[in-house]
Each structure stands twice: as C-alpha cells, then as structure tokens.
Ligand code: AMP
C-alpha cells in the first residue's frame, strides 16, 4: 500500500509548530483588538473574478482556480483584501467610517515551494477603510511594530516606499496603466532592466533608472534626494511629500525604519500610495507588508473610499522567532492523568476525570488498560504533572491518591478538595 504525503507545497503543522502558530495568532488578535479592529471571517473560496480583479498578474497566475460543481469559476483566496473590499461594498457598506476590520487565516498561492515560501500559509490582515490620511497609514505600520514586539522579535525594521512616485512619473510620461502594472511587477522582482525595456521613451527610462540611485543614508535623506530628483513631476512630488508625513509620524513613535526605497514596488496591483515591508536581519524575505489602496473599493462598485491595510506572514514570523531564539510563552495549566487501580474502579475513575475537566483542568484518562506502574511511567515521560489514582480503599473514605509525577511524591486528597488543591499547587 502506498503511504500518503501532503501535496507538494502543503505542510502538516505537528503539535509544537501548531502551538507556535496558535500563539502567534493569539498575539495577532490581541494586537488588532488593541488598535480597535473587529474580526471578520470570510470564506476561503471566493469567485475568481473578485480575487483576480486587482491582484496583479503574478498572483493571478498562481491562484488555485477551479470550477465548483455548479460550474462557477472559483479560487482559494490568495490574500484577504479583495474579500474585505467586497464586504465594504456590501454588508459593511453603511458602517460608519473609519472601519477597522481584521482577519486571520490561511491563504493559498501556487508559489515555488522553498524556505519561507509555501502554497498554503497563514496571514493576519488588518484593513482601515475610509481614511486617507498619513495617520491612517502610520497606524498600519505602528500596529505591525506592536505585533512583532508582542511576539518577542527584535531588530526588525521597516522598508518604505510610495507607489505614487513611479506611477506619477509613468503617468506624466504617458505610459498606459497596463504597461505601468507590468513595469511595477518586474520592479517588485528587482528585474529593473526588463522593467525599463517596457518603457518606450528614452527620457522616461532615464528618469526611472536615476530614481534607483537616490537612496541616502537614512529615510529622511532618501526622501530629500527623491524630492529634488522628481522636481517638476507634480504627482511624484506629492507622493514624496506624503511619504515624508508618514515617515515623521512613525519615527516619532519610535518605530524602526531601515530606509525608504526610491523604486520600491509590490506585486499586488491595487496599491495607490505608501507601501511597506518589514524584515529582520537574519532573513531576507519579508515578514509582512501592506500599503494604501484608494481605488479598490470603487472598482468593486462601491463609493470612492480611501483605504489602507497590512498582511502579516505568520509562518515567516514563526520562522523568525525560531531564528532569534524567542520562546513561545503559553500559560499551560497543569496536566493530569486519572488511573483506576483495577477494572472495578473504572466507572468511578471516569466520573472523577469528568469532574476535574468540569473544573477546567486538562485530564487524560488511562485508556490502554495498563498496570498502574506502566501508566505512571508513561505519563511521567510525557511530562504529565499529576496522576490521580482511584482505589477502593481511599474512595470509601471519599479520597483519592494524588501523585506528583516528577517529584515521585504522593498524598491522599479528599475528592471535594481535589481540583482546588491541584490548581493551587505551584
Ligand atoms: P502579500 O499579501 O504578498 O503582501 O504578503 C504579505 C506577507 O505574507 C509577506 O510579507 C510574507 O510574510 C507572507 N507571504 C507571502 N507569500 C508567502 C508564501 N508563499 N509563503 C509564506 N508566506 C508568504
């Protein structure tokens, strides 16, 4: 018989990895709530048309797309923003603005599997809808800063850019939107020569090439260089000013910014303003990224609505924690095993186990029919804290034996005090 393995690019998260992921999910929820975001749960399967509309060619081609049995062309979500934009034009249309919503879950992209790049991965995603200010953009960066701090990461830093700089130049030079999208896709992959080949006018090509060289020692210096460089390109200049406003806000709040990238682009097509990513020095792939998308909701039939958002890559955050030796700090309750001395005590023992579970304790029941010594040895190996041994003699007096496994000490405890005694023990 063949044995089955996960499909290529898919992974099983075994208990330790699942625990780490759940811990990160928990921190993501806490952080989002702390900034006033409300959780929404949207479907993993959405219509292909919705997901593909503004995703960008790269992601569009990597979607898991199929026909359902009703002959609808659907896909597994490659990200959350399209679903949230759909909500903003339907069920949440009349909610007062700003609307702050977040989601946590798995997303799917047919990427080439490699370290930190999977076909099923987890994101926490926050969207701030209805605000077009620099404060709103700063909030996405600050929230991400808090989240990474809360999971215990160190030395991470943000890379900032503004899609309006490149689009501004390309628009003013008469490059159509479709070509602009292709240029940005290639720039995102740092394939600058290929990108610039798509730009017909020599003068425009030169401007873009020169833009790459405007990087200074700090974000502020880069912006100063850029401002000087794009002089005369009104839209690009406004984009630089906007990025400066955001940079001031985040750095004043002590958020670590590595630099501004003059020719920064991101794969998703819907961005219209600031874009950012966050990295740790040990890893050259982003832990999260986001940006402003002021026209997406309108393109889905909604009112003209400014919006900004961020997606955190939870699997990569787990990887970063491991690289930095960050411990997962879960407050685990005591673990217990209940063992009956013999067959006759089984019913009583099970009843006691149920009572302890009702009191909120984590209780395993000995289901292998082993001798007590064997059962205790096994529980000790698996780091169970206490064994509750149910025997006739003690039970006749309303008591059981409680054995602290790793100390190899035991006492007799009255049933009515049992849960409290175990909970109270340090
Ligand atoms: P994006 O939705 O492309 O802005 O991605 C947001 C974050 O998701 C990235 O910064 C990564 O941390 C994470 N991410 C993107 N693609 C993958 C992947 N294939 N595997 C694991 N994480 C990913």
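In my numbering, the protein residues as written are 229 to 654. Just so it is clear, CB atoms sit at the ideal spot from N, CA and C, and this is done for glycine as well.
Figure out for me which residue from 443, 515, 501, 507 has the closest Cα to the Cα of residue 489. 443
With distances taken Cα to Cα, identify the nearest neighbour of residue 545 among 486, 322, 256. 256
Same chain, Cβ closer than 8 Å to residue 626, five either side skipped, listed in chain order: 642, 643, 644
Is any heavy atom of ligand 1 found at a distance shorter than 7 Å from the C-beta of residue 498? no
For residue 628, which beta-bridge partners are listed by DSSP? 641
For ligand 1, is there any heavy atom lying closer than 7 Å to the beta carbon of residue 307? yes
Are residue 367 and residue 356 touching if we call contact CB-CB under 8 Å? yes
Over the uninterrupted beta strand (DSSP E) stretch that includes residue 293, give me the two end residues. 293 to 295
Rounded separation between residue 511 and residue 561 - CA only: 34 Å
Short Cβ contact (8 Å threshold) for residue 549 with residue 379: yes
In the DSSP assignment, what residue or residues form a beta bridge with residue 553? According to DSSP, which records beta bridges pairwise, residue 553 is partnered with nothing at all.
Report buried or exposed for residue 306, applying the criterion of at least 16 other Cβ atoms within 10 angstroms of its Cβ. buried
At least 3 beta-carbon pairs within less than 8 Å: the stretch 534 to 544 vs the stretch 568 to 588: no
Near residue 282, what residues of its chain come up, given a Cβ to Cβ distance below 6 Å and the 5 sequence neighbours on each side ignored? 497, 498, 524
Can you tell which of 273, 300, 285, 308 has the C-alpha that lies nearest to the C-alpha of residue 292? 273
Leaving out the 5 sequence neighbours to the left and right, which residues in its chain are closer than 8 Å to residue 312 when beta-carbon positions are compared? 268, 270, 329, 331, 353, 355, 357, 537
Measure the alpha-carbon distance for residue 234 versus residue 540 and round it to whole angstroms. 24 Å
Can you give me the C-alpha to C-alpha distance between residue 468 and residue 297, rounded to a whole angstrom? 49 Å
Can you check whether the CB of residue 505 is closer than 8 Å to the CB of residue 516? yes
Just the Cα atoms here: how many angstroms apart are residue 650 and residue 564? 9 Å
Taking residue 393 as the reference, which of 597, 385, 485, 437 has the closest Cα? 437
Residue burial classification, residue 347 (beta-carbon count within 10 angstroms, cutoff 16): buried
Any heavy atom of ligand 1 closer than 7 Å to the Cβ of residue 337? yes
Which of helix, strand or coil does DSSP assign to residue 349? strand
Is any heavy atom of ligand 1 found at a distance shorter than 7 Å from the C-beta of residue 514? yes
DSSP puts residue 257 in a beta bridge; with which residues? Its beta-bridge partners do not exist; DSSP assigns none.
Give me the residue from 277, 318, 333, 280 with the minimum Cα distance to residue 543. 333
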